[in-house]
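J.:
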Amino acid sequence: MALVNLKRLEEAIASWDKTVQLQPDNTEAWYNKAVALKKLKRYAEAIASYDKIIALKPDDPNLYYQKACVYAQEKQADYQKNSPEAQATSATNAIENLKKAIELDPKKYLKMCKNDSKLHTIQKDVRFFALFQGKQ
Numbered sequence: 212m213a214l215v216n217l218k219r220l221e222e223a224i225a226s227w228d229k230t231v232q233l234q235p236d237n238t239e240a241w242y243n244k245a246v247a248l249k250k251l252k253r254y255a256e257a258i259a260s261y262d263k264i265i266a267l268k269p270d271d272p273n274l275y276y277q278k279a280c281v282y283a284q285e286k287q288a289d290y291q292k293n294s295p296e297a298q299a300t301s302a303t304n305a306i307e308n309l310k311k312a313i314e315l316d317p318k319k320y321l322k323m324c325k326n327d328s329k330l331h332t333i334q335k336d337v338r339f340f341a342l343f344q345g346k347q
């Protein structure tokens, strides 16, 4: 974490890579690695790290929520690359992960996803609105 605080994210990721190599079940290392990868806009790698944690902790709604946020940010990057198909895929994946987070903890995650600016790229999607039907 000291490396992150010093904004030396590549070195921090290398450190977490060593940690998970020695301790593949270390969810904290996987999580910190995912956050650093997201900051570097290495979305596919961040998503893969979240997938590793989800395999270890499938009932943690925050993991699905954070993964949805990565997909939403990936959608923005796809928009800037003018890639409509990739945007659609990222949006679908973001919605599916939000749906899972809401299933696991509706009260907390319904409120969070309404106001989270990281999700702005999907907040006008009709599927996003469908998440709230009958749950308010």
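Under the working numbering, think of the first position of the sequence shown as 212, with each following residue one higher.
Beta carbons: idealized from backbone N, C-alpha and C, even for Gly.
1) With a cut-off of 8 Å on the beta carbons, I'd call Lys250 and Leu220 a contact; round off their distance for me.
2) Among the residues of its own chain, which have a CB less than 6 Å from the CB of Glu307, if the five just before and after it don't count?
3) Select from Gln277, Gln344 and Asp262 the residue whose C-alpha is nearest the C-alpha of Leu330.
4) Relative to the C-alpha of Leu309, which residue among Ala283, Gln287 and Ala297 is closest?
5) With a cut-off of 8 Å on the beta carbons, I'd call Pro269 and Asp316 a contact; round off their distance for me.
6) One question on the structure: do Asn237 and Val246 come within less than 8 Å of each other, judged by their Cβ atoms?
7) Should Glu285 go down as buried or exposed, given a rule of 16 or more other Cβ atoms within 10 Å for buried?
T.: Taking the geometry as given:
1) About 6 Å; that satisfies the 8 Å criterion.
2) Cβ within range, chain order: n/a, list empty.
3) Ranking the options by Cα distance to Leu330, first place goes to Gln277.
4) Comparing alpha-carbon positions, the option among Ala283, Gln287 and Ala297 lying closest to Leu309 turns out to be Ala283.
5) The pair is not a contact, with the Cβ atoms about 14 Å apart (cut-off 8 Å).
6) no
7) buried
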